[in-house]
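Trainee: As given, the protein sequences belong to chains A and B, one line each in that order. Quick note on numbering that gives the first Met the number 0: the first sequence kicks off at 0 and runs consecutively. Quick note on numbering that gives the first Met the number 0: the second sequence kicks off at 0 and runs consecutively.
Number of protein chains: 2
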Amino acid sequence: MSQNNIRNMDEFAALCGISRPTISKYFFDPNSVRQSTRDRIEAALKEYDYRPNIYAMNQNRRLTKNIGIVVPYLADPFFAEIARVIERRCIDAGFTPTLFSSHGDQSQEIAILDTLRSLRPAGVLLAPLGRASDKAQIEEFCRDVPTILFDSNIEGVGAAFVGSDNFSFVSQTVEYLSRTGSSPCFFEMRNPANPNANKRRHAYLEMMRRLNLEPHLVKIDGAGWGFEEIGRVGALKVLKEGLLPTDTVLCSNDRLAIGFLSACHELGIRVGRDKDCTIRLASHDDHPYSRFTCPSLTTAAHDYEAVSDHAVETLFRLIDAGGKLETREETLFAARLIMRGSA
Amino acid sequence: MSQNNIRNMDEFAALCGISRPTISKYFFDPNSVRQSTRDRIEAALKEYDYRPNIYAMNQNRRLTKNIGIVVPYLADPFFAEIARVIERRCIDAGFTPTLFSSHGDQSQEIAILDTLRSLRPAGVLLAPLGRASDKAQIEEFCRDVPTILFDSNIEGVGAAFVGSDNFSFVSQTVEYLSRTGSSPCFFEMRNPANPNANKRRHAYLEMMRRLNLEPHLVKIDGAGWGFEEIGRVGALKVLKEGLLPTDTVLCSNDRLAIGFLSACHELGIRVGRDKDCTIRLASHDDHPYSRFTCPSLTTAAHDYEAVSDHAVETLFRLIDAGGKLETREETLFAARLIMRGSA
DNA sequence: ATATAATTTTGACGCGCGTAAACAAATGAA
DNA sequence: TTCATTTGTTTACGCGCGTCAAAATTATAT
Numbered sequence: 000m001s002q003n004n005i006r007n008m009d010e011f012a013a014l015c016g017i018s019r020p021t022i023s024k025y026f027f028d029p030n031s032v033r034q035s036t037r038d039r040i041e042a043a044l045k046e047y048d049y050r051p052n053i054y055a056m057n058q059n060r061r062l063t064k065n066i067g068i069v070v071p072y073l074a075d076p077f078f079a080e081i082a083r084v085i086e087r088r089c090i091d092a093g094f095t096p097t098l099f100s101s102h103g104d105q106s107q108e109i110a111i112l113d114t115l116r117s118l119r120p121a122g123v124l125l126a127p128l129g130r131a132s133d134k135a136q137i138e139e140f141c142r143d144v145p146t147i148l149f150d151s152n153i154e155g156v157g158a159a160f161v162g163s164d165n166f167s168f169v170s171q172t173v174e175y176l177s178r179t180g181s182s183p184c185f186f187e188m189r190n191p192a193n194p195n196a197n198k199r200r201h202a203y204l205e206m207m208r209r210l211n212l213e214p215h216l217v218k219i220d221g222a223g224w225g226f227e228e229i230g231r232v233g234a235l236k237v238l239k240e241g242l243l244p245t246d247t248v249l250c251s252n253d254r255l256a257i258g259f260l261s262a263c264h265e266l267g268i269r270v271g272r273d274k275d276c277t278i279r280l281a282s283h284d285d286h287p288y289s290r291f292t293c294p295s296l297t298t299a300a301h302d303y304e305a306v307s308d309h310a311v312e313t314l315f316r317l318i319d320a321g322g323k324l325e326t327r328e329e330t331l332f333a334a335r336l337i338m339r340g341s342a
Numbered sequence: 000m001s002q003n004n005i006r007n008m009d010e011f012a013a014l015c016g017i018s019r020p021t022i023s024k025y026f027f028d029p030n031s032v033r034q035s036t037r038d039r040i041e042a043a044l045k046e047y048d049y050r051p052n053i054y055a056m057n058q059n060r061r062l063t064k065n066i067g068i069v070v071p072y073l074a075d076p077f078f079a080e081i082a083r084v085i086e087r088r089c090i091d092a093g094f095t096p097t098l099f100s101s102h103g104d105q106s107q108e109i110a111i112l113d114t115l116r117s118l119r120p121a122g123v124l125l126a127p128l129g130r131a132s133d134k135a136q137i138e139e140f141c142r143d144v145p146t147i148l149f150d151s152n153i154e155g156v157g158a159a160f161v162g163s164d165n166f167s168f169v170s171q172t173v174e175y176l177s178r179t180g181s182s183p184c185f186f187e188m189r190n191p192a193n194p195n196a197n198k199r200r201h202a203y204l205e206m207m208r209r210l211n212l213e214p215h216l217v218k219i220d221g222a223g224w225g226f227e228e229i230g231r232v233g234a235l236k237v238l239k240e241g242l243l244p245t246d247t248v249l250c251s252n253d254r255l256a257i258g259f260l261s262a263c264h265e266l267g268i269r270v271g272r273d274k275d276c277t278i279r280l281a282s283h284d285d286h287p288y289s290r291f292t293c294p295s296l297t298t299a300a301h302d303y304e305a306v307s308d309h310a311v312e313t314l315f316r317l318i319d320a321g322g323k324l325e326t327r328e329e330t331l332f333a334a335r336l337i338m339r340g341s342a
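1. Just the chain B side, please: which residues come within less than 9 angstroms of L331(A) by C-beta, in chain order?
2. With burial defined as no fewer than 16 other Cβ atoms inside 10 Å of the residue's Cβ, what is the status of S181(A): buried or exposed?
3. Looking at chain A, is there any beta carbon in it that lies within less than 9 angstroms of the beta carbon of C293(B)?
4. Are the CB atoms of Y281(A) and A342(A) nearer to each other than 9 angstroms?
5. Quick one, which of I85(B), F26(B), Y72(B), R19(B) has its alpha-carbon nearest Y303(B)'s?
6. Name the chain B residues whose beta carbon is nearer than 8 angstroms to that of S257(A)?
7. Residues of the stretch 71-88 of chain A in Cβ contact with chain B at a cutoff of 7 angstroms, in chain order, please.
8. Excluding sequence positions up to five away, which residues of its chain have a Cβ less than 7 angstroms from the Cβ of R19(B)?
9. Please name the residue, chosen from R178(B), E41(B), G267(B), P120(B), that lies closest to L212(B) on a Cα-to-Cα basis.
10. Classify A159(A): buried if its beta carbon has 16 or more other beta carbons within 10 angstroms, exposed otherwise.
11. For a contact meaning CB atoms closer than 9 angstroms, what does E227(B) contact in chain A?
12. Provide the residue(s) that pair with C184(B) in DSSP beta bridges, ordered along the chain.
13. Cutting at 7 angstroms between CB atoms, please list the residues of its own chain near T21(A), excluding the five before and the five after it.
14. Could you check the C-alpha separation between F291(B) and D75(B) for me, to the nearest Å?
15. In this structure, how does DSSP classify A299(A) when only helix, strand and coil are distinguished?
16. So S31(B) is in the beta strand (DSSP E); what residue range does that whole segment cover?
17. Are there 16 or more other CB atoms within 10 angstroms of the CB of H283(A), so buried, or fewer, so exposed?
18. Which residues in chain B sit within 9 angstroms of R50(A), going by Cβ to Cβ distance?
19. According to DSSP, is V144(A) helix, strand or coil?
20. Taking only beta carbons into account, state which residues of the stretch 51-70 of chain B come closer than 7 angstroms to chain A, listed in chain order.
21. Since L44(B) meets chain A, which of its residues come closer than 9 angstroms, beta carbon to beta carbon?
22. Please list, in chain order, the chain A residues whose beta carbon lies closer than 8 angstroms to that of S261(B).
23. Taking the alpha-carbon positions, what's the P194(A) to L255(B) distance?
24. Please classify H264(B) as buried or exposed, where buried requires at least 16 other C-beta atoms within 10 Å of its C-beta.
25. For R231(B), return the contacting residues in chain A, with the cut-off set at a CB-CB distance below 8 angstroms.
26. Is the beta carbon of T245(A) closer than 9 angstroms to that of P294(A)?
27. Where do the ends of the beta strand (DSSP E) carrying S163(A) lie?
28. At the level of alpha carbons, what is the spacing between L176(B) and T298(B)?
29. Would you report the Cα separation of P96(B) and I66(B), rounded to the nearest angstrom?
30. Taking any Cβ of chain B, which residues in the stretch 295-327 of chain A have a Cβ under 9 angstroms from it, in chain order?
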């Protein structure tokens with residue numbers, strides 16, 4: 000490799016023996032130039048390893064190749080994992096993803112949208128905070144920037160929503176628990192941050208109605224995104240005061256369940272299917288840690304890959320279509336029941 | 000707020016009644032203009048909410064206000080948490096942080112460094128993969144870009160290293176375990192990804208020597224960053240084959256310990272301090288989940304805040320100094336012993 | 001070989017802002 | 001009031017690249 004004295008595209012073009020506009024075209028889309036010239040450019044690229052100035056590029060391009068990825072809470076490995084998959088897909092498609100976390104905070108979510116505006120991204124994949132989101136601000140953002148919502152829906156906002164089918168989650172867990180033992184009560188936060196929680200409650204009630212069973216909602220206090228601690232404290236209270244109407248508990252999500260398990264252990268209550276166990280516990284999400292809890296969590300798993308893939312594919316379609324889709328799409332993927340030790 | 004027809008700094012300057020160079024100066028450092036003009040600019044800013052084009056800005060500025068944050072594995076909440084704190088500090092200081100995760104993969108780490116180069120950041124906070132890192136590439140990168148290493152050190156590379164004092168971690172856990180029961184064996188991966196693991200092993204051996212106790216290393220197989228599963232499989236093997244030399248186990252890190260606990264539960268082995276427990280388990284890191292395991296983990300905690308703060312402060316000093324520090328600094332923060340249920 | 005389509009070249013302009021130098025104005029202390 | 005000092009203005013250039021139109025070249029098909 001020769002020494003890298005190339006200062007700009009002009010010099011590189013000269014070294015290639017190809018005009019600068021053609022080089023520029025190549026960098027926007029390598030397929031837009033004839034194969035033979037592409038080969039020549041790529042040969043020179045290897046020899047001199049020139050890279051165009053991204054700032055000059057993005058300043059002048061009609062559309063950047065940037066994609067914004069926004070998750071509500073990165074300390075939750077669930078989001079870290081989904082962000083990883085989405086990142087990969089974007090890079091493979093020739094885009095430059097940038098990851099943002101709202102860290103459970105409305106003002107940070109708004110600040111991120113503000114930053115994203117000035118990044119002029121080709122598109123954005125946004126998992127909103129949910130109840131804590133400033134819907135008006137998000138709506139306005141989505142009018143300006145091609146955006147796909149995922150994980151957590153806001154009705155009518157964004158070009159599309161891709162997520163999981165909460166009814167599919169709950170129906171499977173409720174059916175399984177009811178079939179194999181006593182029917183479950185539903186353990187959840189009183190004021191859940193995420194709209195999926197509400198959908199799950201409704202699904203629980205509906206399933207219990209269909210099965211002709213009496214529903215029991217167990218609502219616990221707590222705010223914020225520290226679900227494990229909220230679940231632990233809530234479970235301690237419920238267990239100590241004997242407020243649990245059944246010996247089978249279905250948690251709204253795995254992180255609450257992790258806290259619930261912790262409380263049970265503190266109180267010496269054994270959880271699982273064995274004879275010496277007094278409680279069965281199941282949950283939803285298939286959180287990356289749910290197979291390492293004690294006992295491991297019976298849960299309903301997201302189809303991570305399907306959600307990620309479809310969100311990204313939809314975004315690419317949206318970008319290709321110039322930022323507008325004919326109608327707003329909503330796609331939900333079914334859950335898969337994962338039977339483990341806790342129920 | 001008036002309608003936002005402002006296309007560039009010229010127009011905004013005209014509306015302000017202030018010359019463009021002064022506006023430009025203001026955006027680089029609001030304190031560099033007289034208070035009265037600053038007030039006028041900020042009043043106009045509120046009325047018209049103009050924001051300079053970041054691409055044009057960064058193209059021409061001698062130095063951008065960007066800061067790169069690189070962590071080895073974002074699905075580990077430990078890194079998510081530290082990244083959150085660092086992000087906050089950078090924003091508060093007027094910088095624009097961008098978060099990257101190597102996802103445990105060498106080629107991705109290199110790709111990130113490549114991306115960072117073309118971002119021309121004022122500075123970078125880098126937590127390397129460790130053993131999997133391409134040291135030569137990182138070294139070359141650090142020659143070009145002002146970089147502070149954190150969490151995982153590479154001798155002589157980067158302007159400074161900020162991390163935790165592994166000896167402080169291990170000395171406290173070993174001392175505590177030995178004082179309150181039988182002395183621990185050390186449970187770790189055979190080929191740990193992270194150099195801290197080696198430091199911890201040495202610290203364990205040294206502490207056992209000082210206490211005049213016989214050391215026992217228990218090395219398990221496994222590669223990659225799925226430490227919980229590695230710990231679980233390793234513990235199953237060790238426990239089934241009766242290879243555990245003592246009833247007290249000190250794991251190299253919490254994620255291995257989480258896997259260990261999972262294995263114990265599968266085998267019906269009770270862990271903790273109670274009479275019916277046959278194993279005591281302790282560990283290091285104070286992973287965000289370690290207080291929710293069953294039993295909760297006795298561990299040595301990082302001083303997250305101190306590490307984050309000092310890393311960021313050092314980076315700011317480095318930037319102010321023009322990218323070079325007189326001598327390479329290494330700062331290690333002591334651990335705090337967190338006594339919980341497992342030992 | 002010729003007509004046609006596809007691709008590249010040439011030359012030029014503009015994007016929005018940083019920056020520099022010479023000058024003008026405001027400030028503040030003596 | 002005076003003068004030195006700080007701060008702002010004017011003017012002008014350059015950064016590296018996108019993009020456009022017209023001309024020149026090349027590839028493909030007939």
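Beta carbons are placed, not taken as given, at the ideal position from N, Cα and C, and that holds for glycine.
Mentor: On the basis of the coordinates in this document:
1. As a working mapping, residue 331(A) is identified with position 332 in the first sequence. Residues of chain B passing the Cβ test: none, with the nearest at roughly 24 angstroms.
2. Stepping through the first sequence from its first residue, residue 181(A) is reached at position 182. S181(A) should be labelled exposed.
3. Locating residue 293(B) in the second sequence gives position 294, where the first residue counts as 1. By this cut-off, C293(B) is an interface position.
4. Translated into the one-based positions of the first sequence, residue 281(A) becomes position 282. Translated into the one-based positions of the first sequence, residue 342(A) becomes position 343. Rather than Tyr, the amino acid found at residue 281(A) in this sequence is Ala. Contact flag set, yes.
5. For the purposes of this step, residue 303(B) is identified with residue 304 of the second sequence, where counting begins at 1. Among I85(B), F26(B), Y72(B), R19(B), the Cα nearest to that of Y303(B) is on I85(B).
6. Taking the first sequence and counting its residues from 1, one reaches residue 257(A) at position 258. Residue identity differs from the one stated: residue 257(A) is Ile in this sequence, not Ser. Residues of chain B passing the Cβ test: Y288, F291.
7. L73, A74, P76, A79, E80, R83
8. The residue you call residue 19(B) lines up with position 20 of the second sequence. Answer for R19(B): M8, D9, A12, listed in chain order.
9. Position 213 of the second sequence holds residue 212(B). Closest by alpha carbon: R178(B).
10. For the purposes of this step, residue 159(A) is taken as residue 160 along the first sequence, with counting starting at 1. Burial call: buried.
11. Working through the second sequence from its first residue, we reach residue 227(B) at position 228. Here the neighbours are P287, Y288, R290, F291.
12. To locate residue 184(B), count along the second sequence from 1; it is residue 185. C184(B) pairs with V248(B).
13. Taking the first residue of the first sequence as position 1, residue 21(A) is located at position 22. Excluding positions up to five away in sequence, the list reads V32, T36.
14. On the second sequence, position 292 is the one that residue 291(B) refers to. On the second sequence, position 76 is the one that residue 75(B) refers to. Going from the Cα of F291(B) to the Cα of D75(B) covers about 15 angstroms.
15. If you number the first sequence from 1, residue 299(A) lands on position 300. In the structure shown, A299(A) sits in a strand (DSSP, three-state: E or B).
16. Position 32 of the second sequence, counted from the start, is the residue given in the question as residue 31(B). It is not in any beta strand (DSSP E) - S31(B) carries neither H nor E in the DSSP assignment.
17. Looking up residue 283(A) in the first sequence gives position 284. Buried, because 16 or more other Cβ atoms sit within 10 Å of the Cβ of H283(A).
18. Counted from its first residue, the first sequence places residue 50(A) at position 51. Simply D113, R116, S117.
19. In the first sequence, residue 144(A) corresponds to position 145, counting from 1. In this structure, V144(A) counts as coil in the three-state DSSP scheme.
20. N52, I53, Y54, A55, N57, Q58
21. To locate residue 44(B), count along the second sequence from 1; it is residue 45. Correct list: empty, because the minimum Cβ distance to chain A is about 13 angstroms.
22. What you label residue 261(B) is simply residue 262 of the second sequence in a count that begins at 1. Correct list: R290, F291, T292, C293, S295.
23. For this step, residue 194(A) is matched to residue 195 along the first sequence. For this step, residue 255(B) is matched to residue 256 along the second sequence. Computed Cα separation, rounded: 34 angstroms.
24. If you number the second sequence from 1, residue 264(B) lands on position 265. Buried, by the Cβ-count rule.
25. The count along the second sequence starts at 1 and reaches residue 231(B) at position 232. By Cβ distance, chain A contributes F291.
26. Residue mapping note: residue 294(A) aligns to position 295 of the first sequence, counting from 1. Residue mapping note: residue 245(A) aligns to position 246 of the first sequence, counting from 1. No; because the gap between Cβ atoms is not below 9 angstroms, this pair is not in contact.
27. Translated into positions along the first sequence, residue 163(A) becomes position 164. From DSSP, the beta strand (DSSP E) with S163(A) extends over 159-163.
28. Numbered from 1 along the second sequence, position 177 holds the residue referred to as residue 176(B). Numbered from 1 along the second sequence, position 299 holds the residue referred to as residue 298(B). Each residue's Cα considered, the two are about 11 angstroms apart.
29. Reading the second sequence from its first residue, position 97 is the one you call residue 96(B). Reading the second sequence from its first residue, position 67 is the one you call residue 66(B). Taking the straight line from one Cα to the other gives about 5 angstroms.
30. S295
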